[in-house]
Structure formats: C-alpha cells, structure tokens
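Every letter in the sequence shown is one number past the one before it in numbering that gives the first Met the number 0, and letter 145, counting from 1, is 144.
Report on the following structure.
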Amino acid sequence: MNSTSPSKLWPYRNAAAFMFVPLIWLLLAIAMYFSERTLNWPGDESRRLVTQVIIAAGFVPLLLVLLDYLSSRGAILSYKAFKIDFSQVDLNRAELRRDPFGLPDNIGVSGPIVSDTSPMNIIDTLRQATRHEIVVIDMRDGDAWWVTRLLALAAGAVRAQAPKVFVFVGRLENQDHRFLGWAHANNILTAILSSKEEYGRRFQRASRIAAQVRMYGPNEFLPTLPVPPGGNILLHLEIQRYTNDGRYALMGPEVSEQIAMDQLVMRGGDFGSLEEPPDRLTVGRLNDLFGHCLYRTEIDLDWPKDKQIAKLLESNEPYVALVRNRRFESMLRREDGERLVARELYTQLHRTTKA
Numbered sequence: 000m001n002s003t004s005p006s007k008l009w010p011y012r013n014a015a016a017f018m019f020v021p022l023i024w025l026l027l028a029i030a031m032y033f034s035e036r037t038l039n040w041p042g043d044e045s046r047r048l049v050t051q052v053i054i055a056a057g058f059v060p061l062l063l064v065l066l067d068y069l070s071s072r073g074a075i076l077s078y079k080a081f082k083i084d085f086s087q088v089d090l091n092r093a094e095l096r097r098d099p100f101g102l103p104d105n106i107g108v109s110g111p112i113v114s115d116t117s118p119m120n121i122i123d124t125l126r127q128a129t130r131h132e133i134v135v136i137d138m139r140d141g142d143a144w145w146v147t148r149l150l151a152l153a154a155g156a157v158r159a160q161a162p163k164v165f166v167f168v169g170r171l172e173n174q175d176h177r178f179l180g181w182a183h184a185n186n187i188l189t190a191i192l193s194s195k196e197e198y199g200r201r202f203q204r205a206s207r208i209a210a211q212v213r214m215y216g217p218n219e220f221l222p223t224l225p226v227p228p229g230g231n232i233l234l235h236l237e238i239q240r241y242t243n244d245g246r247y248a249l250m251g252p253e254v255s256e257q258i259a260m261d262q263l264v265m266r267g268g269d270f271g272s273l274e275e276p277p278d279r280l281t282v283g284r285l286n287d288l289f290g291h292c293l294y295r296t297e298i299d300l301d302w303p304k305d306k307q308i309a310k311l312l313e314s315n316e317p318y319v320a321l322v323r324n325r326r327f328e329s330m331l332r333r334e335d336g337e338r339l340v341a342r343e344l345y346t347q348l349h350r351t352t353k354a
C-alpha cells in the first residue's frame, strides 16, 4: 500500500478510499434526511438529482485514486482483488458521438451578395442549422467563410437558441480539417459585433427595421390613428423597402437575419458594402475575434485509452473534440464521457465484489 504523499490527489492510503465511499453516502444521506425534515428541501422535483449527486460524490475518493494510478501505472488500476480495466472504456461509441452538421461555405452563397431587397437564399441554410446542437464551419485555407456570413448565422442561432456550439476546422500545417476550436453561439455574435463599430451599428439598425417589418407585415396592419386632413401615415422608407416586398413581410422570425445580411451588404453611405472587400475568416482572424472564448481541448482516438480518459477527466470544458491523426471527427460532451467512466467503474466494482 502506498504511503501518504502531498503531491497526490488522494493523499491517504488507497484502502481508505474504499472505506470512504459508504461513509460519504451515509453522511450525505443523513444530511439530506434532516434537510427534508427541517427545510423541506429537496422537494419531489429535485430529490432525484440530489440523490444522483450523493451517489457520484461517494465515488470521488476512488476517482482521485484512479487519477494517481493513471499518472504512474497506466490504464489498469488494481488494489488486491479489485481491478479496473479502463481499456474497456470507448469514448468513440456511436451513442456518445455528437456529429455536427456541416454547413456549406459562406452559408451557401458564394461571392458578394447584391443588396436588392430580394431574398438572398440564406434562410434555408439557417433553418437547417437550427435543427442541430452543433455545427461545423470548415474555414479551409481562409477563403471559404466571411465574417459577415458568420454574423448572420450566429444571430440566427442566438435567436433560435440552436445551434449552441460552433466548431471551427480548417487547413493548418498543410493538413485539412484540423480542429481549431469551438465556441458558444452567443460569444461568437458578441465578439463580432464588438470587433468593428460598423458591424454593431448595422446590426442594431437591422434589428429595429426587422421588428417593424414583423409588426406591420405587408402594410396591412398600419395604425389607424387620426391624422391631419389629407395626411397619411407612412413608414420610413427603409421599412417600406421590406414591407412592400411580401417575401420579407411574410418570412417569419428569420426575417431578422435576412435583413441583417441585407444591411451588411448595402451600398451607399459612408462605408458601402462590408463585403467589398470581404472580411475573410482566416486562422489569424479566428484567433483575433474569438481567441478569448475558444475552447481547444481535443482527444486523439489513436491515443492509448488511459491517456484519453486522463485528458477527459482533466478538462473542465463542456465539450471536447474527438480527432484522429489530428483531423477532426466529432464532438463529445464531457458529461457523457464522465458518465461512461463512472458506469464502467461501478460495473467492474460490482463484478469484483460478487466474485
């Protein structure tokens, strides 16, 4: 048995970890009992969750011992008759993989968009994206995506609350489809709008216009307020550009992103179209925009299983990327991976105690 060591995650003897499991369960169960009697907490809705937390907490000492052994002995953790073989844990299981939806380059519109108040064929792509939790954006060599298109996509994702995760891949070190990082949709939108004053100004303008377009429809819901003799209530010309076009007026919630895209490429004024020249999403631009909010943890499926599990347990990110030979394959929700490890731990422990 190992002696205590301050450098270890579990500083006591290994045998103590096994004794702590039922002790933790007992103490937390007693605490929950008295909490229910005196504070009426947890209630019926949260009792199951609290119970699961108590069960998981009991395994903490064993997990700490596991990490100590992983760092020193490899994938097999053993103590007398008890042995955990983590070569059985497969993070590449089909039920764990969260394969992202691959978006077409530049939301499917190649080249600059001409602003003529006609639909610009981005709505179908946005609708497909919002059916998925995760989307992948392949930047390729830096010519595939423009920041303006990413802005419209992120705005739609924030409005629809899906997709939640944007995964960026591209060409790096002469290899295609390399994982470059992932970020939450709301962080992407915020970062783009704050990166350039004109992005924020036009997006705010588009949001105000879209609100009125949705309110008035194709000019059929104009207010009937008293007006001076011979007077008419007229919408601002910029609103009329869209309400007079039924394709915008009847588009639904997605009209916000369509108008935002239109405003970004509108010619005239002090700045003209923000796609002439385009703001290309290169690796450098990606890091400039989102370096502060990108998550980059990856697990290579060609690594030994013990190294994969150690990387998973070290991470505090909600998702980790699964790669093979440095090429991106899919995403893994950390919570799912940890649950698989805990289930394998419980299965092998149960099997050992019954043997």
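Ideal Cβ positions, reconstructed from N, Cα and C, are used throughout, including at glycine.
All of these numbers come straight from a predicted model, not from anything done at the bench.
Checklist entry - Does the Cβ of L236 have 16 or more other Cβ atoms within 10 Å, making it buried, or fewer, making it exposed? => result exposed
Checklist entry - Helix or strand or just coil, what does DSSP make of W302? => result Coil, per DSSP.
Checklist entry - So, using beta-carbon positions, are W145 and P277 closer together than 9 Å? => result yes
Checklist entry - Out of E94, S109, L95, A151, which has the shortest C-alpha to C-alpha gap to K122? => result Per the sequence presented here, residue 122 reads as Ile, with Lys not at that position. That would be A151, whose Cα lies nearest to the Cα of I122.
Checklist entry - Leaving out five residues before and five after A156 in sequence, what residues of the same chain have Cβ atoms less than 6 Å from its Cβ? => result P162, A184
Next on the checklist: Need the endpoints of the alpha helix (DSSP H) that D287 sits in, please.
Outcome noted: Note, D287: alpha helix (DSSP H), 282-289.
Checklist entry - Between I308 and V340, which are expected to be in contact by the criterion C-beta below 8 Å, what is the C-beta distance as a whole number of angstroms? => result 6 Å
Checklist entry - How many Å lie between G199 and D175 at the Cα? => result 33 Å
Checklist entry - Any idea which residues DSSP pairs G101 with across the strands? => result Beta-bridge pairing links G101 to V135.
Checklist entry - Using a beta-carbon distance below 9 Å, is V168 in contact with chain E? => result Among the chains in the structure shown there is no chain E, since it carries only a single protein chain.
Checklist entry - W145 by DSSP, collapsed to three states: which one? => result strand
Checklist entry - Y318 by DSSP, collapsed to three states: which one? => result strand
Next on the checklist: Taking contact to mean 3 or more Cβ pairs, one atom from each stretch, closer than 8 Å, check whether the segment 282-293 and the segment 204-218 are in contact.
Outcome noted: no
Checklist entry - Assuming L234 and Q211 make a contact with CB atoms under 8 Å, what is their CB distance in whole Å? => result 7 Å
Checklist entry - Would you call the segment 89-103 and the segment 327-337 in contact, with 3 or more CB pairs under 8 Å? => result yes
Checklist entry - Does the beta-carbon distance from N13 to V59 come in below 9 Å? => result no
Item to check | Same chain, Cβ closer than 6 Å to S34, neighbours up to 5 away in sequence not counted | outcome: W40
Checklist entry - What did DSSP end up calling D43 once you bin it into helix, strand or coil? => result helix
Next on the checklist: Buried or exposed, going by whether 16 or more other CB atoms sit within 10 Å of the CB of H138?
Outcome noted: Strictly speaking, residue 138 in this sequence is Met, with His absent from that position. Per the 10 Å Cβ criterion, buried.
Next on the checklist: Given a cut-off of 9 Å on the beta-carbon distance, is the pair R213 and L263 in contact?
Outcome noted: In this structure, L263 does not lie closer than 9 Å to R213 by Cβ.
Checklist entry - What residues in its chain sit with their C-beta under 6 Å from that of R350, if we drop five residues either side in the sequence? => result none
Item to check | Burial state of T124 (16 or more Cβ within 10 Å) | outcome: buried
Item to check | Enclosing alpha helix (DSSP H) for F33 [first to last residue] | outcome: 13-38
Item to check | DSSP state of S272 mapped onto helix, strand, coil | outcome: coil
Checklist entry - In the structure shown, what three-state DSSP assignment does R158 receive? => result In the structure shown, R158 adopts helical secondary structure according to DSSP, grouped into three states.
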